[in-house]
Structures are given as structure tokens and as C-alpha cells.
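In mature numbering (1 follows the signal peptide of the UniProt record, and there is no 0), the protein residues as written are -24 to -1, 1 to 534.
Beta carbons are placed, not taken as given, at the ideal position from N, Cα and C, and that holds for glycine.
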């Protein structure tokens, strides 16, 4: 079992060089010093790959080893292995049969290929395992289907279906809307299947449709996201490290404004006084936002009286998601207001606290020196947005944030640091800056040989950029990604469970998750029919670990 612990204190070197001695002395007196950011692996990876005369099978399966219900854990692990074996046997039987028929008739036989990869997503105590199965049996394209295993990590648990966690009528409405808006050239569909693959993460419900299910084969396996609280079943609540979060929903259409509010109420916080304080703060936030909209709507309606200008009701929508990392709990509140014009406005706020018996509210600058941290944020914004960013004079102490793994994630309001097309963008700042710089130093060197997860991958030195270029397909596959070439757009799509990104040959534009597009040392380029990317793609997009050993670059799964 792997465990990583980073302490948000001077001892953990948070934001190296970012904590002043005075602040460190102050924090040493606080409970915050004892707050640990822990990522405890729930599972290990079982390699079930094999190769025969008929079939190349690349199979990576999860095996859970740290669930609270050990009986369920054993049953789930057995079910996952059985699922993988059944897919493999089906391909083995079909490939042997076709190979025999080809031999009897003098046909050429091409090996079948089977790839099964997975990704694990979590939201509170909800765990989702998304397994993608790609099969190639000849012809122009492979076929992809997606399955999921979902459950609550608690004692006496069971597997969950999409119907257990959502209101299916609401889900169908929202799913149709999401597919239409998020998938180009989508098909109409009449129902969400009971065995629909799904996951919940960062406050969103992700639906993953099989290839050809809601769009043409060129789209591959299609993933769309829906704010979970829009479709959440009334009887379903999530727990976050023991904290129960109940959703209070308000939907009203008044003469002056329309409301669509989803407000969290926390229970089982270890510090009961802190629980009251947080719930009161949340309620006051919603009340303040509603009062502001009501006041502005009244003023505008009054101004329009006696004129030919029609008054359109304002709109206020607030929803939330909860992020946890170790003892730190973050309630992230997303507000959308519309008061006329072409577009509304999105803003983001967060309430962060330490869930301990003597817990406390945490502000951004409790974690780092304001000036030093602002400097690092400005540098990261410039890297992510290039010429699309606005100048950030100073970092607001109330900027929304949460911690994920070894990064502090800042969420800015729409138009605060970039154009509205970027929405409310996220900027990720590594907690340990020295580790990030070390990885950058490694990939900036040139190497004669590249090894990814123990397997050598083709590479060469870029003639102009003087960086190591790595064959993308093998790099990604060896790190557990599914790779798909789109000839129409000259782009390569990478997916691993809920993760997805794409690159286009000749276009120096990279991105992942919600990070705004950024440039690397060179654009992807074709060489002898294969697409190559700079070595920094491994660390900055795929977030892999790298090390240099002489003339060899070693790349491994983080």
C-alpha cells in the first residue's frame, strides 16, 4: 500500500521559499501545523497482459486492498478479474476460429488486439472504476466499449447502479442536453441504460457512452459531464471523510428573478462548533447572493417602468462540490448570475477548514507568504494562458482553492485572469516547487534512449528545439492510456478512464483536465509515420515521473 504524506507547514516545505520565518512561527502555534495532506492508495494494478499467435492483449486491472468492507473488497476484486478474463477469452476464441478459417482458405490473418485500461475516480466516499475495452479484429478501426464499477467505501457496502444515485427522469433530460452541447454531431437517444457507465468526481456526474452509442465512430467513446446535484436522487447523500453533506435545493420562478440553488449542509464534522460556524457561513453566503440579485432586479425593473424596454427576470444559480485531502475539507461554491445581455457571470468561492476536534477555517494565505505565492501564481498563469491572460496585480486573499494530491488548485472568477471563453479557470500550483523544477530540469536534457515503464520507446533529438522527441503512441500506452488516431483532424486522442486529452500534429497547443492550453518546446510532429512529442509532455500533460540515468530518460507512472 502506497501512502504519501505532505505536511502543510514549515516541516513539509510547502511552496518552498514561500513561508516567512514570522509566519512559520505563527503557524507553529496553530492546529494547522498538524494538518496532513494524505493520499492513500486504495488499489494496486494487476498486469494481465499476454501475447499469442492470434491475440495481443494489454490488460491492466485494479485490485483493491484498502477498502473498509473487506468481504466486499474480495468479491469486487474477483468480479473485476472475472470480467477481464471473460473479455480476453471471447477474443481468444474468436481469433483462433478466424485464424483457422483463414488458414483453410489461404487468407491473410492479422492478429487481434485487445486493450483494457481503467481509471479510478472518487468523490467523498464514492469510488468509481471506469474500464475501457478496445478491440481490433481487422478493418479500418477498433471498437471501444466502456463499463464501470461504482460503490461507497464504507462497511456493509454494495455496488451501485446509475439508478441508485440519480433521479432517472432528471438524468435523461440533462444527459440529452449535455450530449447535444458537448458532443459535435451527436445522435438522439431515448434512454439512459440501467448499466450505463458513470463516475462522480469534482461535483460532476460523468457519463461514458460506448463508441457509436451517441455519436459517430470518429468521436470514439464519448464522455459528458453534468453537475451531479442537478440529477442527484433525493435519497442519496455522499460522505466526505466521515462528514455527511446533505443537499438543500430551491427552485423558484419569481417575477423579478429565478432561483436554482443547491446548498450543502454539513453533519458529523469533528468540531461541532466549527460545524455550526461553517453551516452558518454557507447559509449567509446564499442569502447575501439572493439579496444582491433581488436588489439589482428591483432597481432595473423600476428603471424600465414607463419605457418600451421589456424587463427580463434575473437568474441566480448556485451549486457546490466538496473536495477533501487528508484533514482539509473544501466547500467550493459556484455562482452563476444573469442580469441581461449576451452572457451571464460565473464566480467561485470556497470555504476551507481542518476537520479535527479543534479544527479551524483555513484561508489561502495561511498556507504561504502572499508576495512569494502571488509571484508563483503569476508565473503559472503566464505559462498556461500565454497571450490570453490578463495581468494579475495581486492575488486576492479570498481566491477559491482546494488541495488535490501535491497541488494547490486555485479557481478564478470568469474574466479575472483570462477571457470569458475560459470560464472559471483553474490554476494548479505544486506544493513542492523543488520537485517540479527537478522534473523540468530532467526533461530539458537530451537523451539517446527513452524507457517508459521498463520498455524502450523510440526517440530522437529535435533538430531545432534541441529536446528529446518521444513516440507518442508507445509513451501513452506504456503509461496505461488508450490511443486513437483521427485522420480527419491529424490529431491523436489519449484517454485513461475519465482522463482525456488530444494533440494535433504541427500545433504547439497542449492541455489536460481543466488547465488552459499551453505550449511546450515543440509541436507534435510526424516522423516515419509516427507522431512524436517533446519529453516534457510526459511530465506536464501525462503527469508521469521522470529521471535521468546517464544517456537514458526513465519515465514511470506517478
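Where residue i falls, given that 16 or more other Cβ within 10 Å makes a residue buried
| i | result |
| --- | --- |
| residue 264 | exposed |
| residue 101 | buried |
| residue 421 | exposed |
| residue 64 | buried |
| residue 210 | exposed |
| residue 407 | buried |
| residue 37 | buried |
| residue 110 | buried |
| residue 286 | exposed |
| residue 463 | exposed |
| residue 299 | buried |
| residue 398 | buried |
| residue 172 | buried |
| residue 26 | exposed |
| residue 226 | exposed |
| residue 537 | The question about residue 537 has no answer here: the residues shown for the chain are numbered -24 through 534. |
| residue 549 | What is shown of the chain runs -24 to 534, which leaves residue 549 out entirely. |
C-beta contact flag for residue i and residue j at 9 Å
| i | j | result |
| --- | --- | --- |
| residue 41 | residue 49 | yes |
| residue 425 | residue 528 | yes |
| residue 30 | residue 72 | yes |
| residue 267 | residue 244 | no |
| residue 54 | residue 125 | no |
| residue 315 | residue 272 | yes |
| residue 532 | residue 374 | no |
| residue 222 | residue 237 | no |
| residue 194 | residue 162 | no |
| residue 471 | residue 197 | yes |
| residue 242 | residue 129 | no |
Cα-Cα separation between residue i and residue j, rounded to whole angstroms
| i | j | result |
| --- | --- | --- |
| residue 250 | residue 260 | 15 Å |
| residue 391 | residue 346 | 22 Å |
| residue 284 | residue 292 | 25 Å |
| residue 246 | residue 358 | 40 Å |
| residue -11 | residue 342 | Residue placement at residue -11 is poorly supported in this model, since its pLDDT is 37, which falls under 50; the coordinates still yield a value, given next. Approximately 11 Å, taken between the alpha carbons. |
| residue 439 | residue 508 | 13 Å |
| residue 231 | residue 317 | 18 Å |
| residue 479 | residue 466 | 9 Å |
| residue 132 | residue 451 | 40 Å |
| residue 302 | residue 325 | 21 Å |
| residue 170 | residue 141 | 11 Å |
| residue 297 | residue 493 | 24 Å |
| residue 337 | residue 137 | 36 Å |
| residue 371 | residue 384 | 14 Å |
| residue 401 | residue 443 | 30 Å |
| residue 525 | residue 330 | 41 Å |
| residue 459 | residue 468 | 7 Å |
| residue 77 | residue 85 | 9 Å |
| residue 215 | residue 483 | 43 Å |
| residue 410 | residue 417 | Residue placement at residue 410 is flagged as unreliable, the pLDDT there being 42, under the threshold of 50; the coordinate-derived value follows with that caveat. About 10 Å. |
| residue 120 | residue 368 | 44 Å |
| residue 282 | residue 313 | 26 Å |
| residue 360 | residue 80 | 58 Å |
| residue -3 | residue 356 | For residue -3, the predicted structure reports a pLDDT of 33, less than 50, and the residue's modelled location is therefore unreliable. The matter cannot be settled from this model. |
| residue 59 | residue 389 | 44 Å |
| residue 280 | residue 256 | 36 Å |
| residue 212 | residue 441 | 53 Å |
| residue 83 | residue 103 | 47 Å |
Own chain residues within Cβ distance below 7 Å of residue i, not counting five before or after
| i | result |
| --- | --- |
| residue 204 | 176, 179, 180, 181 |
| residue 258 | 239, 240, 307, 327 |
| residue 517 | 477, 486, 488 |
| residue 380 | 299, 301 |
| residue 114 | 86 |
| residue 523 | 418, 530 |
| residue 269 | 233, 290, 292, 313 |
Sequence-distant residues of the same chain with beta carbon closer than 8 Å to residue i, five excluded per side
| i | result |
| --- | --- |
| residue 506 | 434, 447, 448, 449 |
| residue 412 | Residue placement at residue 412 is flagged as unreliable, the pLDDT there being 48, under the threshold of 50; the coordinate-derived value follows with that caveat. Closer than 8 Å at Cβ, skipping near neighbours: 406. |
| residue 52 | 40, 43, 125, 127, 135 |
Whole-Å CB distance - residue i paired with residue j, under 8 Å assumed
| i | j | result |
| --- | --- | --- |
| residue 106 | residue 186 | That belief does not hold up - the Cβ atoms of residue 106 and residue 186 are roughly 12 Å apart, past 8 Å. |
| residue 92 | residue 35 | 5 Å |
| residue 290 | residue 378 | Residue 290 to residue 378, Cβ: 29 Å. No contact. |
| residue 108 | residue 456 | At roughly 11 Å, the Cβ-Cβ gap does not stay under 8 Å, so residue 108 and residue 456 are not in contact. |
| residue 151 | residue 168 | 6 Å |
| residue 540 | residue 514 | In the structure as shown, the chain begins at -24 and stops at 534. Residue 540 is therefore absent and cannot be evaluated. |
| residue 143 | residue 207 | 6 Å |
Contact set for residue i: own chain, Cβ-Cβ below 6 Å, skip 5 residues either direction
| i | result |
| --- | --- |
| residue 201 | 180, 182 |
| residue 67 | 31, 88, 90 |
| residue 500 | 479, 481, 507, 509 |
| residue 165 | 190 |
| residue 404 | 383, 385 |
Residue i: CB within 8 Å of a non-hydrogen atom of the ligand ADP
| i | result |
| --- | --- |
| residue 61 | Looking for the ligand ADP in the displayed structure turns up nothing, as the structure carries no ligands at all. |
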